[in-house]
Structure formats: structure tokens, C-alpha cells
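Those letters in the sequence shown? Residues 140 to 441, per our numbering, in order. Heads up, the beta-carbon is just placed ideally off N, CA and C, and yes, glycines get one too.
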Amino acid sequence: MLLHLFIAPDITAQAVSNGANRIKVQATRIASRVIVTSTAAADMVDENNVKIGTVSNVTYSVAQGTNQVYFTSQPDYLTWGTSYVPALGDYATEATKYYDYSDLSTPTAVPAKPTAADGYKSLAGKFLFENTHTEGDVKTSQYKKGNTAYVLVKAKFTPEASAIADGGTLTNGTFYVGGTDGKIYSSKEAAQAAVQNQKVALYEGGKMLQYAWLNPDDLSKPMNSPVVRNNVYHINITAFKKIGYNWNPLDPKPDNPDPKPGNPDEPEPPIDPIDPLSPEETHMSVDISVLNWTVHSYDIEL
Numbered sequence: 140m141l142l143h144l145f146i147a148p149d150i151t152a153q154a155v156s157n158g159a160n161r162i163k164v165q166a167t168r169i170a171s172r173v174i175v176t177s178t179a180a181a182d183m184v185d186e187n188n189v190k191i192g193t194v195s196n197v198t199y200s201v202a203q204g205t206n207q208v209y210f211t212s213q214p215d216y217l218t219w220g221t222s223y224v225p226a227l228g229d230y231a232t233e234a235t236k237y238y239d240y241s242d243l244s245t246p247t248a249v250p251a252k253p254t255a256a257d258g259y260k261s262l263a264g265k266f267l268f269e270n271t272h273t274e275g276d277v278k279t280s281q282y283k284k285g286n287t288a289y290v291l292v293k294a295k296f297t298p299e300a301s302a303i304a305d306g307g308t309l310t311n312g313t314f315y316v317g318g319t320d321g322k323i324y325s326s327k328e329a330a331q332a333a334v335q336n337q338k339v340a341l342y343e344g345g346k347m348l349q350y351a352w353l354n355p356d357d358l359s360k361p362m363n364s365p366v367v368r369n370n371v372y373h374i375n376i377t378a379f380k381k382i383g384y385n386w387n388p389l390d391p392k393p394d395n396p397d398p399k400p401g402n403p404d405e406p407e408p409p410i411d412p413i414d415p416l417s418p419e420e421t422h423m424s425v426d427i428s429v430l431n432w433t434v435h436s437y438d439i440e441l
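Written out as C-alpha cells, the structure is:
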């Protein structure tokens, strides 16, 4: 489109203030913005409301926004990589063609949720490019764990002494979780003595990871999570419900900052890039709001 405008010469500042030579232009931001806050208690409790440990050092990163963007909005919210759907075995080679994972190396501390009505809008947040796919149900949605923008929440979990099944002492905060019995142990040997030959997950230094989608269509069973330009996605963590994951399978780069532990008995996590978004179990509770810039805000339990 070619737009012809006439700008009159010799117009004074006073004339401009009265409307002369004034052009109204509407603009939208190409990027989207993510803000994460927390109202979650530091204590983690079990199903009987008994404290099993403490959560600290909570940070977040944003990943799987697209690494390229169309200058103008496209029909039907088409974005770079819209047609990419992870297939068995191709995530490690294909995902980096479309998505940005750089922020995983620069986690940011999660602030408390401001008490003022819109106080979170003053928080810096993080930016990413829009990422959409064909929406549908569990069988037809093209939103998968390996092509949908997500927030990675990282924290340290310190178990209560009473929650360590073998009664041992942790070394540098490292603990182990039995793949069969789900109990916390101070060593792999103790876990495998309790249940013979069970797989054992290593939580080095107590590090645990949780995931949140930016714009889920259903908080409990999400199928679709479109991220579009000129929106602010506000995620508020309301609770940490269970110990999270111990590494991040949703980073295809060889320099993954949260790689699979070098542990021969490490079980495979219940996360696969080709799977739908709905989790097998919920570790974190959140509220999400999508607000105009537009801002989207929600609470989540992790």
C-alpha cells in the first residue's frame, strides 16, 4: 500500500497543537512479554498437609518463542514455524531452526506478586516472538511440548530430615528419588536397597524444574497455548505441590544448562517433545492472565 500525505509548509508549533500537519498512526508491538510472580509458600506439604521440605531460590526462563518473526501480522495468526510439529527423533535437529532457547542460560529471580492492582506491569519481564499452531483436541491439536512456548521455573528443594526415607544426611543438598516408590533418599544405594533394582532420579544440589505454558486454553488439561504479538502473559505461582523434574528434555541444544544427569540408573522423565501439552501429573499451581498491552494473567500450582 502506498500512502500519499500532504504536509503543509511553514506551520507553527501553535498550529500543530491545534491539529495542523498532525497524523495519527496506530502501532502494535511485534514481541510478546512474559511476567512471572509468586505468592507461593516456601513450605511444600504432602497430601496429609505434613511439611516435607522447603522451596527456595526460585527463578524463571522463557523458551520456544520463535527465532524469526513476520514484520506484519499474518492471516489466521500464522507465525514462523506454525507448521512444525515434532516427530519421533527429529526434535534435536529441527526445533532450533524455529525456536529460541537462549534465555534458559540466563534465569531471573521470580519476584513476589505486587499488592497494588496492576503493580506487576512495572516488572521488567521477558520478551519472545509469537508462536502459534493449529488448535484442536487431544487427537488433532498441533500444539506439542516440543513446539510450544513455555516458562521453565527452577528452584532448590531442601527435604525435611523426616522426609528422607533412609534417615541419611544429604551431601551438598543432593538427594535421590526412587522411580518405583517415589521416596526421597540420601543416596542411590539406599534407594536401591529399599526397592531392589528400582531406577533412581538424581537431584544434584536439590535443583528441581517445573513447566508452565504461557496461554493454556485449560489450566488443568491444556491442549492449545497460542502466543501472539502485543500481549503480556502474566503467570503467578500460587503453590509448589510436588517435587519437580531434575533436568530439562525440552532443550535440544548440546549446551543444555539443565542436562540429563550422568547417572546410570536415571529414569526417563514423563516429558517427550512429541507429546500433547496436558501433563501426566501436576507439580505446580498457577494463575494466568492475558492482558492488553494485551496482558494475560493466571495463577499456577507447581
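Roughly how many whole angstroms lie between the Cα atoms of N188 and S177? Within the sequence shown, numbered from 1, the residue matching residue 188 stands at position 49. Within the sequence shown, numbered from 1, the residue matching residue 177 stands at position 38. So the two alpha carbons sit approximately 20 Å from each other.
Does DSSP put G345 in a helix, in a strand, or in coil? Along the sequence shown, read from residue 1 onward, the residue named residue 345 stands at position 206. It is helical.
Given a threshold of 16 other Cβ atoms within 10 Å of its Cβ, counted over all protein chains shown, does K265 qualify as buried or as exposed? Locating residue 265 in the sequence shown gives position 126, counting from the first residue. Buried, because 16 or more other Cβ atoms sit within 10 Å of the Cβ of K265.
What's the call for S280, buried or exposed, on a 16-neighbour Cβ count within 10 Å? The residue you call residue 280 lines up with position 141 of the sequence shown. Its Cβ being crowded by 16 or more others within 10 Å, S280 is buried.
Going by DSSP, what residue range makes up the beta strand (DSSP E) through T176? Here residue 176 corresponds to residue number 37 of the sequence shown, with the count starting at 1. Segment A170 to S177, the beta strand (DSSP E) holding T176.
If you count every other CB in all the chains shown that lies within 10 Å of the CB of V277, and 16 or more means buried, which is it? In the sequence shown, the residue the question calls residue 277 occupies position 138. By the 10 Å Cβ count, V277 comes out exposed.
Starting from N375, follow its DSSP beta bridges and name the residues at the other end. Taking the sequence shown and counting its residues from 1, one reaches residue 375 at position 236. Its beta-bridge partners are T176 and D438.
Is N311 closer than 8 Å to A288 when the C-beta atoms are compared? Mapped onto the sequence shown, residue 288 falls at position 149. Mapped onto the sequence shown, residue 311 falls at position 172. Their beta carbons are not under 8 Å apart, which means A288 does not touch N311 by this criterion.
With H, G and I counted as helix, E and B as strand and the rest as coil, what does DSSP make of P418? Sequence index remark: in the sequence shown, residue 418 carries index 279 (1-based). Coil, per DSSP.
Segment contact flag, the stretch 186-205 with the stretch 400-409, C-beta cutoff 8 Å, min 3 pairs: no
Identify whether D215 lies in helix, strand or coil by the three-state DSSP scheme. By one-based count along the sequence shown, residue 215 stands at place 76. Here D215 sits in helix by DSSP.
Can you tell me which of the three DSSP states T235 falls into? Numbered from 1 along the sequence shown, position 96 holds the residue referred to as residue 235. Three-state result, T235: helix.
Short of 7 Å in beta carbon distance, which residues of its chain neighbour G192, apart from the five on each side in sequence? Order them along the chain. The sequence position of residue 192 within the sequence shown is 53, counting from 1. The answer, listed in chain order, is M183, F296, T297, P298, E299 and A302.
Range covered by the beta strand (DSSP E) that runs through K293: Looking up residue 293 in the sequence shown gives position 154. Note, K293: beta strand (DSSP E), Y289 to P298.
For G192, name the three-state secondary structure that DSSP assigns. Working through the sequence shown from its first residue, we reach residue 192 at position 53. In this structure, G192 counts as strand in the three-state DSSP scheme.
Starting from the C-beta of Q349, find all residues in its chain whose C-beta is less than 7 Å away, skip the five residues before and the five after it, and write them out in chain order. For the purposes of this step, residue 349 is taken as the residue at position 210 of the sequence shown. Hits under 7 Å: V292, G383, H422, M423 and L441.
Which same chain residues end up closer than 6 Å to K338 when comparing Cβ atoms and leaving out the 5 residues on each side of it in sequence? Taking the first residue of the sequence shown as position 1, residue 338 is located at position 199. Around K338: G318, D404 and P406.
For D414 and K284, what's the separation of their Cα atoms in angstroms? For this step, residue 414 is matched to residue 275 along the sequence shown. For this step, residue 284 is matched to residue 145 along the sequence shown. Whole-angstrom Cα-Cα distance: 6 Å.
Just to confirm my understanding: we take P361, look at its own chain, exclude 5 residues before and 5 after, and list those with CB closer than 7 Å. What are they? Your numbering for residue 361 matches position 222 in the sequence shown. Answer for P361: W352, P355, L416 and S417, listed in chain order.
Between N354 and the ligand FAD, is there a pair consisting of the residue's CB and a ligand heavy atom that are separated by less than 7 Å? Judged by which ligands are present, the structure shown has none, so any question about the ligand FAD falls away.
Do Y315 and A294 have their C-beta atoms closer together than 8 Å? Residue 315 sits at position 176 when you count from the first residue of the sequence shown. Residue 294 sits at position 155 when you count from the first residue of the sequence shown. Cβ distance not < 8 Å, so Y315 and A294 don't count as in contact.
Report the residue from K327, G321 and D320 whose alpha carbon sits nearest the alpha carbon of L309. The sequence position of residue 309 within the sequence shown is 170, counting from 1. The residue with the shortest Cα to Cα distance from L309 is K327.
How far does the alpha helix (DSSP H) with K327 in it reach, from first residue to last? Looking up residue 327 in the sequence shown gives position 188. K327 to A333 is the span of the alpha helix (DSSP H), which, as asked, contains K327.
So, do the stretch 247-258 and the stretch 212-226 have three or more beta carbon pairs nearer to each other than 8 Å? no
Inspect the beta-carbon positions of P225 and A234 and report whether they are closer than 8 Å. Along the sequence shown, read from residue 1 onward, the residue named residue 225 stands at position 86. Along the sequence shown, read from residue 1 onward, the residue named residue 234 stands at position 95. Taking 8 Å as the Cβ cut-off, P225 and A234 qualify as a contacting pair.
Decide if F379 is buried, meaning its Cβ has at least 16 other Cβ atoms within 10 Å, or exposed. On the sequence shown, residue 379 is found 240 positions in, with the first residue counted as 1. Result: buried.
Here's a check: name, in chain order, each residue in its chain whose Cβ is nearer than 8 Å to the Cβ of F268, leaving out the five neighbours to either side. Within the sequence shown, numbered from 1, the residue matching residue 268 stands at position 129. Here the set comprises I169, A170, S171, G204, T205, N206, Q207, V208, T218, W219, D239 and R368.
Measuring alpha carbon to alpha carbon, tell me which of T232, A304 and K346 ends up nearest A329. Counting from 1 along the sequence shown, the entry for residue 329 is found at position 190. For A329, the nearest C-alpha among the options comes from A304.
K392 versus A231 - alpha carbon distance: Position 253 of the sequence shown holds residue 392. Position 92 of the sequence shown holds residue 231. Those two C-alpha atoms are separated by around 7 Å.
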